[in-house]
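Below is one structure, written out as structure tokens, with a few remarks after it.
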Amino acid sequence: MHPEEKAWCSTPFLLWDGPEAAQVQQLLLAAYSGLGDEDGLHGSRCLALPSDGIWDKCAEQQGDWSSVLALADLQSVGCDVKAALALKQCGLYGTLHHAFQHENQSPELIESQSECSWRLAKWDHPVVAKGEESAGFHQGVFLTLSATANGEAEGIVDGLQMCRKSLSSELSNVAVSVTHGLYPLLSKLHMYTVLEAGVSVCRGAASYSEVIETWLDRAKQPGCSFQLHEPVLWMLIMLLKMLPSFPRKELASLLECYASQARSSNLFLWAERALKCLDTLEIVLNRLWKLEEFRVQCARGNIPKAQHMLWTLLQSLRKESTSSTVYAEALKLYGEHLWENCLESPDTIARDYLEKAVQLLEAKSGMASKKLWDAYLTLARFADNRYQGINQYMQSPDHQDQKMLLQDSDKILGSTPTRQPHAPKPDVKRIRIQRESELDRQHMERLKKSRNHYLVQALQNYLLCLQGTDSHDLRIFRVASLWFQNLDMAEVNQLIQHGLQKIETYKFVPLVHQLAARMGIPEAKSPFNFKHVLGKLIERMLKDHPFQTLPVILAMRNADKDDVIAKEYSASGSGDAPPRTKKAKISVEERVEAAQALVERASKTSLAPIVSEMDALMDAYMHLAYLPPPQVKNSNGVTLPRNAPIVKLSDLSHIPVLTQVVKVDRSCKYGNVSGISKFLAQYHLCGGINLPKKVTCMGQDGKRYTQLVKGRDDLRQDAVMQQVFQLVNELLKQDVDSRAFKLHVRTYKVVPLSRRSGILQWCEGTQPFGEYLTNPNVGAHKRYYPSDWSAMECRNKMRDVAHSSPDVKLMMFREICDKFNPVFRYFFLEKFPEPTKWFERRQAYTRSVATGSIVGYILGLGDRHCANILVDNHTAEVIHIDLGVAFEQGKTLNTPETVPFRLTRDVVDGMGLSGVEGTFRRCCERTMHVMRRSQESLLTIVEVLLYDPLSAWTLSPEQAAALQHSKSQVTKPSVAATAPASDNKNRLAQRVLLRLKQKLQGQEEGATLSVTGQVNLLIQQATDPANLCRLFSGWQPYV
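Everything in the sequence shown is counted per full-length UniProt numbering, starting at 1 for the first residue and increasing by one.
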């Protein structure tokens, strides 16, 4: 049996029998080590019984040098080189310098000792002999720097020559096809250029100021890995110390930069060494490095030490200067620390630390400081946290019980007669009830007042933060959420109106669907009415960004136009376009009326040509969507009627192709957008109940844009899910690891035209996952395993046992798996025969599947059958389409879905020998780590989307039945044109948000799991035959 056929199982350690396992494993270890593929090395452990060599290499690739040091210590004999490497990578240069001083050292140990000597400035240590042929690079560096320190010109020349010889030797031996091996060499080349420049400055042969400025700029631009960038930084530090005038300020800046980058890479010992050097400089004027020391101690978990350190600094700064930037930054950090650890009352934290920090920074730096924007954000998050806490308490059963008791007390007091003036004895019970009621009423008033205070403070500071920087643009979702929750508060609307005037409109473009869904006619003339403020904002967005805003507004206006066009075609009784002599009456609701009014106002401005062309284009698309197809199908395409509106369109020069991705221009200038030339006169029908039409639009840029036009299908939810994917990609970009591994979710453009029609960007160069595998004529299964059962046979057998017991289903599933072998590995051999491309594309596929799986699980994406996953024939990445079943609606289908994502045998087969181990599992963990760390942003984003008045995240019984129709390809039936009842919608949204929060906190099956544990559980669930056998037969769980 082929080894890859054995590796589809998700067991963490899939052990092979026989000598082949060890041989394959050694081959993979050598290959992955040379490539520097840490994930592949990690996954190769599953192929045979693990040995010390495997764990050793894994620890080295993962940077777990403490484990390498421990293993070297256990082996003791012959491990000096490995121990020296581990000590160096741990940053223990002092220990390494004093160790291994015995005679007859190996060249590797001499090289390590040389590096230690120049890093520690031990110039009197004899570690290198001049002119030695086998001398290494760091021996040359040591000789050059020691000669520079001692003023020996001849030694400088010898040292530089030694470095050049070493680099020349390494360059001649490096394998250029393996980029991982080039990185350390490039780092050494960078070090050599810095060394040459530094020596020239020290000897007065180069400009002092220009070289230092260049060095500082380089230092503040970290490379792909701090481990590679660090030697260059430390050499810069050593050279600055050697310069004649010893530039203390520049040296301090460089050491701060070094410490910050080391902390970000979790190399705390390295950061502490730089901070120790700063301490010896005795620079009193700028103590920002003390704040970095606080961050390092917090990152290490030394909370008491960090707290005492910062408190001491605050006391010192308060005495010296209460207006410095360092003091304000220290106040902010200490306030954050007190808040996160609940060490002070909220009022004290806000008044004495966070608000005070903002005031100091405003007075010091005005409105142009990154530190000020960060201070605004910190105060906003603190106030938002307090607002949410109070709001949750006010909605809790305890508070509701207290309100009921107060109402009961009021009833008792109202029914009990008051005491008469000459009554012999006061009513003690009544007096007690009155006092308790008054206390309860005062408590509730204080709660309400505090809630409103923190709400306003949070909004105010979020808005201030958004005004000055684009690094926190995702906070616009939180602003929208707070605004929508309190849209009846005049104070909130007033604050929003004043704040929005100073925020650029491009920041609201990601929210255009949700903003437009809440449009309406202002009920009052007050300028602080919610609908008035919202209307003004959307009008500004339409003026500044028409190509992103206008299609949404027109789709809102066309909400009920589907029925009108469908009736026109029904009345015409033919495939020709119906005559358009007069406009049919369309039902009007408030948001449709508001959209119509906005379009009319825009038509009287400079936007008139854009509005006219866009309106005509969307109307033509809708007519095409409802154009009756011919009775006889033609594989060569269908010719459009001559009087079809879309045929008449040509030379639309003011608008872009509707499925073209037009990037948001912050300057609001879209002069370089190419228009539409024409539409080809033929279209093709695609499979599905509603027969979507595939058309080709010719752009004025000469490109062809293939589009899918759908009628009787609500695409608004698909558009919203694409919006979520784009925002998830932004979160992944912000993470260093995810960005390095290029983790992202593939997206495509979806443009709703109305409630029940829309167009989609055709994903060029792709094919459905099932098309490649199970096509009855040219499918890979039939080509590579012609004697196996066919896909249709397997499906029929699964359908026959659909109503049988779980044991019978499992038995049938296992029998099918025996008769139906996975073949997706051949996709890469066919499409990418060149070895480098084959490896790259397989890696891209595995990472794409991992990212899509975790993001899909978090968002509850269902209906992932073989036709709803596309594979890119050029990049091998997967693309998820037809996203209407989201937020775990799949569990409500007639045959409930029992797996978190699709991880069937063929999906795993494309990942190589290690299967789900290695790259897939590690990328799942990276994606889950980002999702869990971005919990606050994700919950806010999804909350805004879920409460969208136009989106109904539920399936009717008819829809659920249609999705699991007996036919192989179906599309969703038309959905109801009206939104669900608000009470039901709120309950649904609350339930979805609760489950989403549980997922992001790792709560699975009653237990709170780590990221690794949660990923393990999900992979086990997705590959468990007991779960797969219970799925709908059309899902094809055996493929």
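Using N, Cα and C, we set each Cβ at its ideal position, and we do this for glycine too. None of these values were measured; they are calculated from a predicted model.
Out of the options, point me to the one whose CA is closest to residue i's CA.
{"i": "Q548", "options": "I349, M614, F268, K561", "result": "M614"}
{"i": "L463", "options": "E445, H443, I496, R446", "result": "I496"}
{"i": "Q843", "options": "M911, L1017, D440, L760", "result": "M911"}
{"i": "A274", "options": "T312, P231, L466", "result": "P231"}
{"i": "M162", "options": "L281, L145, V174", "result": "L145"}
{"i": "K332", "options": "T348, R756, L946", "result": "T348"}
{"i": "M489", "options": "R446, V533, L500", "result": "V533"}
{"i": "K997", "options": "R1030, T1012, I941", "result": "I941"}
{"i": "V849", "options": "T875, L829, Y826, E830", "result": "T875"}
{"i": "L459", "options": "L377, M394, I854, Q761", "result": "L377"}
{"i": "F828", "options": "W838, F137, S674", "result": "W838"}
{"i": "N1016", "options": "R864, C866, E936, I854", "result": "I854"}
{"i": "P107", "options": "H138, G36, H684", "result": "H138"}
{"i": "S471", "options": "A306, T696, D374", "result": "D374"}
{"i": "E293", "options": "A330, F824, F1032", "result": "A330"}
{"i": "E445", "options": "K403, L281, L186", "result": "K403"}
Within the continuous beta strand (DSSP E) that includes residue i, where are the two ends?
{"i": "K797", "result": "Where K797 is concerned, there is no enclosing beta strand (DSSP E), although the alpha helix (DSSP H) it sits in stretches over 791-800."}
{"i": "F679", "result": "676-679"}
{"i": "C342", "result": "Element bounds for C342: n/a, residue is neither H nor E."}
{"i": "M698", "result": "693-699"}
{"i": "G758", "result": "757-761"}
{"i": "V709", "result": "704-711"}
{"i": "L903", "result": "Neither: L903 is in no beta strand (DSSP E) and is coded neither H nor E."}
{"i": "P752", "result": "750-752"}
{"i": "V944", "result": "From DSSP, V944 is part of no beta strand (DSSP E) but of the alpha helix (DSSP H) over 935-946."}
{"i": "I655", "result": "Counting along the chain, I655 falls outside any beta strand (DSSP E), and DSSP gives it neither H nor E."}
With 9 Å as the threshold, decide whether the Cβ of residue i is near any Cβ in chain D.
{"i": "V1015", "result": "The structure shown contains no chain D; it is built from a single protein chain."}
Is the separation between the beta-carbon of residue i and that of residue j shorter than 9 Å?
{"i": "A602", "j": "I521", "result": "no"}
{"i": "I476", "j": "K502", "result": "no"}
{"i": "P510", "j": "Q726", "result": "yes"}
{"i": "S667", "j": "G699", "result": "no"}
{"i": "L1000", "j": "L938", "result": "yes"}
{"i": "T898", "j": "N1027", "result": "yes"}
{"i": "I881", "j": "D872", "result": "no"}
{"i": "K693", "j": "P629", "result": "yes"}
{"i": "L239", "j": "L195", "result": "yes"}
{"i": "F824", "j": "Y772", "result": "yes"}
Output the boundary residues of the alpha helix (DSSP H) element that contains residue i.
{"i": "I433", "result": "428-468"}
{"i": "D718", "result": "716-734"}
{"i": "T895", "result": "No alpha helix (DSSP H) contains T895, which DSSP labels as neither H nor E."}
{"i": "L883", "result": "Looking at the DSSP string, L883 is not in any alpha helix (DSSP H), and its letter there is neither H nor E."}
{"i": "T836", "result": "835-858"}
{"i": "P645", "result": "645-648"}
{"i": "P806", "result": "806-819"}
{"i": "Y826", "result": "825-831"}
{"i": "V611", "result": "608-625"}
{"i": "D39", "result": "38-43"}
{"i": "T280", "result": "268-281"}
{"i": "Y258", "result": "248-264"}
May I ask whether a heavy atom of the ligand SAM can be found less than 8 Å away from the beta carbon of residue i?
{"i": "R300", "result": "In the structure shown, the ligand SAM is absent, as is every other ligand, since no ligand is present at all."}
Q.
Does the stretch 696-713 come into contact with the stretch 828-843, if we say contact requires no fewer than three beta-carbon pairs (one atom in each stretch) closer than 8 Å?
A. no
**Q.** Runs of beta strand (DSSP E) wholly within the stretch 147-192 (minimum 3 residues, chain order)
**A.** none
Q. Taking one C-beta from the stretch 335-353 and one from the stretch 368-375 each time, how about it: are there three or more such pairs within less than 8 Å?
A. no
Q) Three or more C-beta pairs closer than 8 Å, one from the stretch 483-496 and one from the stretch 432-441: is that the case here? A) no
Q. At which residue ranges does the stretch 306-365 contain complete beta strand (DSSP E) runs of 3 or more residues, listed in the order of the chain?
A. none
**Q.** Three-pair Cβ contact test at 8 Å for the stretch 770-784 versus the stretch 884-894
**A.** no
Q: Any chance you could list the beta strand (DSSP E) runs of at least 3 consecutive residues sitting entirely within the stretch 506-565, in chain order?
A: none
Q. Can we say the stretch 918-936 touches the stretch 792-806, given the rule of at least three CB pairs closer than 8 Å?
A. no
Q) Along the chain, which unbroken stretches of the beta strand (DSSP E) at least 3 residues long are found entirely within the stretch 375-404? A) none
Q) Would you call the stretch 536-548 and the stretch 660-674 touching, i.e. three or more CB-CB distances under 8 Å? A) yes
Q) Is the stretch 445-454 touching the stretch 378-395 in the sense that three or more CB pairs, one from each, lie closer than 8 Å? A) yes
Q.
So, does the stretch 750-758 touch the stretch 711-722, judging by three or more C-beta pairs under 8 Å?
A. yes
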